[in-house]
Each structure stands twice: as structure tokens, then as C-alpha cells.
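Remarks on the structure that follows.
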């Protein structure tokens, strides 16, 4: 018998000893329908009660930060798509904003409004997935299907604007890579009419549903102090009663000019998080309405800075003018001339505070780029939160945390 | 402002500071770190946003461990950098003698330990977070090759799950 087989038998024996007849070890994941991504939770059960839960992450670790040190500032945009892939456009926005902070760069007004517009569309899509999947995991399949049509429309809009549905790579350092096409606007208007109705339908199915109440109320409740100690941000923190939203408290992209409210929960349980997310969808639709009006008001204009030492010159100029060709060549080969320094820039992504910490030594590539994912601190509390609860509660809790493995593991 | 307060209460604790692009940054020696943390917690910096590190291989104190704090009341941010030499440990923020103010430091410190190899003294469960337990090397060090060196990164990865190598967090 080979050594590894002996070790495997030892491990089984150890498990039997530990299980003591009453205990049972259950692996949830890495490929489990309720984890929605490759993460693993080792559950130690006493009957249906969770005695211990140990999350194990890293199954989707691709070394994004390491790769970032070997890619230029322009190239890294594509990797941000693969963080939270339910709302990748928000990651694009967050990253570009961090580099612009490092450069101390103002982007054109039209680009700012379009960034707000697509970010809020992404927030709606992300919350649809989170709320819908959470309901599916608990056993309410219908709500998800009602909302999925709206999510499809959001992805159609992304396809029109960026050419891609999921991996959008829509932003560039200094603005956007192109303006919205004309046929974007009628679809967006139709979406604004239909989406509130779909959210109403969702609420009719869930908000006063006694089974939904039984499964979600009191599950995963958390005090505001604990939530802050665990590093919660985003809807999960607001559900605990802390009105922290970077769009209001540290406005970026001109969010202070938009009229919207921050929904806040009281107990932080799964039900409150559901209510907060549903209301945030409605508030996002309000912002989208205002952003569309604002775009019409501003009229056509540039969507990227007119500085060819930062943004690539338009292709027609590259092919016809010597100077633009040189700019293009210099920018691709040598990158942007970066100042030496370090910045941390945070945006309110769908899950919470998405931060980028960039250290520049003046070179073509970042010396160090750090992605601060909102899920990681939230998920780190999972083991303590489900302890002593039913196995079925763990599934509800996991869905309401909205763990996206791409962002969790990077 | 909290930086003046630290200067007042703990003179000499801040060894360097800068304000690049409006990000308030202070550099604190390893030995003064916990005192400074206690002070800023009382000043309202209660949300520990992030812990990460930066590798400077040519420096005597090779790593900067970088902490980002947020004050929810005033919305001020504070970055604290703690230089540490290779092989030396930093005090953990989830150590047994400390009040549970920053539970989130548990996984962040594990991540820094995993990717940079910086140990944290007093951490209850300092194991690798993102890579597997018998992974060789620390991936975010500058001298770690981009392709991982060993193309399959599997040279010594034979141990099955025993329950022992992955201690359960309390």
C-alpha cells in the first residue's frame, strides 16, 4: 500500500473518531449548487444543528494582484471584469477611478454620467441575482424567473454599450472607450418602465410570504457593532442599521447631484438584507432615470480625456497622422507616465466597498495593486454566524451574503 | 485630527507621514503599533477596511504592512504603514489579549501571511488562506516567479484532507 493511501485511511479513521457517533462531517462545496461559485464549507453537524463551520476559500484564486504587477495600467481593466462577474462594469469603474486619482485626473462630464448610469444598471443586475438566487436556494423558484427577464435586459444594454455582456471592460483610464449608441436609450427607457413592475411582482411573491418569513427572519442577525468589527460594508452593513453608503458619505462621480435614498435595516438578518436590496434596486432606478435625463441635457461630447499621454488617440487619427501614431506607439510600449506614490480609492459596489490600493514607482506597471474585495470580510464571519443554527439556515445565510468567488479569491 | 492626537499622546510614535492625493498616511514602528491602534479606535477609526502588504526587496525592513481605517462618523480615512523585516512577526489584531474590535483582521492577516509570509504574533489560526496548506513560497513576494516556477505547483502537494492541517476557526 502506498504512503498516500495509508494517510487517506488515517484521515478517515480520524474523522470517525471525531464524529463520535453523533457528529457528521459534511462538505458543502467546492461544487455545490448553493455556493454559486467554488468555495467550500466544512460543516460539522449534530443532527441538523451546525456545531462548527469552517469556510475554505481559494479555489478560484488566480493571482489577480500578482498579474497586475506585470500588466500595464491599461491592461489591468480586463482583469477587473473577473472580480465580481455579476456586476463587472462597476469594477471597471472602481479601478479606473483609482488610477485617475493617482494621476489626479478629471474626466469629462459625459463620461462621469455614463459611468453612474452603467454602475446603477449593474447594481440592479447584481441585486437581482443575489435576491433571486437566495430565494431559489431556499425553495422559492418563481421570483428568480420573474426578475431574470430584467437582468437579461440589463445585459443587453451592456452589450450595446461595451460589446460584451459579462466581461465588459467598458472604462479606460481617463473615461470610457466609447459613447453609448443611439439604440441604447429606447431600451433603457423600456427597462425603466418594466423593471419596477417586476420588482413589485417579486415583492408580492416574497415580502409577505409566511414561508419566506420563517426561513429568513432572525437568520444571521448581527448587531451594528459586530458588523463594523467584522468589516462589513454595503447592503449587509446597512441591513444592520448603519447608514454607510459611499455614494452619499464620500460622493464620487458626482453622486451628490443625484436624488436618492439609502435604505437601512434594523436587525441585519437575511430578511432585512432582502428588503434593503429590493429598495436599493428601486433607488438605483431613480438614479438611472436622472442620469438618462442628465445625458440628454449635456448633449454629445467627449467621453475620454483629450490627453494622448494618458488615453489612446482615436484610430482614424492613428492611421492618418504621424503624431497620433507616435502617441499610440509610446502609450502602448512605455505606458502612462505615472507619478510616484500610493493611493487608495473606494467605490460603493453592489456588495459593499470595493477598494483599489495602488502603489506606483513611476513605472509602466503598478508596483503593487491590491483589490479590497467587499465579500472577504463578510464571508469571514460565516463560521461564527451559522454556529448552532440549522443546516438549512446556512444556505439562506450564504445566499444573503452574496459571496462571489471571483472577487473573494481574486 | 487624529494624527495630531497621536503626536500629542504618543510623541515619537509616528516615524514618517505623507498626504499624497489627500490620503492621510502615517508610518508607525512595530513596537508602537498596538498603542496607536488603541488610540485611533477611541478616536472613532473603528472600521478596519483592509490589511495588505508591499514588498521592497532591497530595503532592510523588507515589507510594509498597510492598514486602512475608516472613521464612520467623520468619514475620514487613515492609512498606517508598519515596516517589518523578513521573518519578524507583527502583533496580531485578533490576539487573545485584545478586545474584539477588529475581528475582520483574522482573514486579512491570514491572507498577508499566505501571500507574503509575514507572521502575526498571537493570531489564533495563522494558516494559509488562498493557497493550499503545503504550497511552497509566498506568491506576492517580488522574487516569486509570475508563472509559479513549478508549472503545476504540485511538487509536494500529496497530503489528503485530515482535518488536522486545516484547524477549524472558533
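Chains as they are written, first to last, in our numbering: chain A, 267 to 676; chain B, 10 to 179. Positions of the beta carbon are idealized from the N, C-alpha and C atoms, including for glycine. Every value quoted in this text rests on a predicted model; they were computed, and no experiment measured them.
When the alpha-carbon of residue 450/A is set against those of 461/A, 431/A, 427/A, 467/A, the nearest one is in 427/A. Membership of residue 302/A in any alpha helix (DSSP H) is not indicated, and neither H nor E is assigned to it by DSSP. Relative to residue 388/A, the option among 353/A, 402/A, 409/A whose CA is nearest is 353/A. The residues 421, 424, 425, in chain order, have a CB closer than 6 Å to that of residue 431/A in the same chain once the five nearest residues on each side in sequence are set aside. In the DSSP assignment, residue 90/B is bridged to 36/B, 75/B. Per DSSP, the beta bridge partners of residue 294/A are 307/A.
Those residues of the stretch 314 to 327 of chain A placed with their C-beta closer than 7 Å to a C-beta in chain B are 318, 320, 322, 323, 324, 327, ordered along the chain. A buried status is given to residue 524/A, since no fewer than 16 other beta-carbon atoms sit within 10 Å of its beta-carbon. Residue state for residue 615/A is assigned as coil, using DSSP reduced to three classes. In this structure, residue 308/A keeps its C-beta atom at 9 Å or more from the C-beta atom of residue 520/A. For residue 24/B, no Cβ of chain A is located within less than 9 Å of the residue's own Cβ.
DSSP places residue 494/A inside the alpha helix (DSSP H), whose first and last residues are 490 to 495. Residues of chain A whose Cβ lies closer than 9 Å to the Cβ of residue 109/B are, in chain order, 492, 495. Rounded to whole angstroms, the separation of the alpha carbons of residue 465/A and residue 562/A is 27 Å.
Comparing C-alpha distances from residue 92/B to each of 18/B, 25/B, 119/B shows the shortest one belongs to 25/B. Under a 10 Å Cβ-count criterion, residue 132/B is classified as buried, with 16 or more other Cβ atoms of the shown protein chains found around its own Cβ. For the pair residue 505/A and residue 485/A, the CB atoms are not nearer than the 9 Å cut-off. Between residue 152/B and residue 583/A, the alpha-carbon positions lie close to 41 Å from each other. With respect to the C-alpha of residue 674/A, the residue from 555/A, 575/A, 325/A having the closest C-alpha is 325/A. Residue 319/A is bridged by DSSP to 309/A. Taken in chain order, the complete beta strand (DSSP E) segments of 3 or more residues contained in the stretch 603 to 667 of chain A are 606 to 614, 619 to 627, 634 to 638. Closer than 9 Å to the CB of residue 135/B there is not a single CB belonging to chain A. The alpha-carbon separation between residue 49/B and residue 479/A amounts to approximately 40 Å. Residue 564/A and residue 552/A have their C-alpha atoms spaced approximately 18 Å apart. Assigned with DSSP and collapsed to three states, residue 99/B falls in strand. Contact annotation: in the stretch 610 to 626 of chain A, residues whose CB is within less than 7 Å of a CB in chain B are 610, 619, 621, 623, 625. Boundaries of the alpha helix (DSSP H) harbouring residue 388/A: 375 to 404, taken from the DSSP string.
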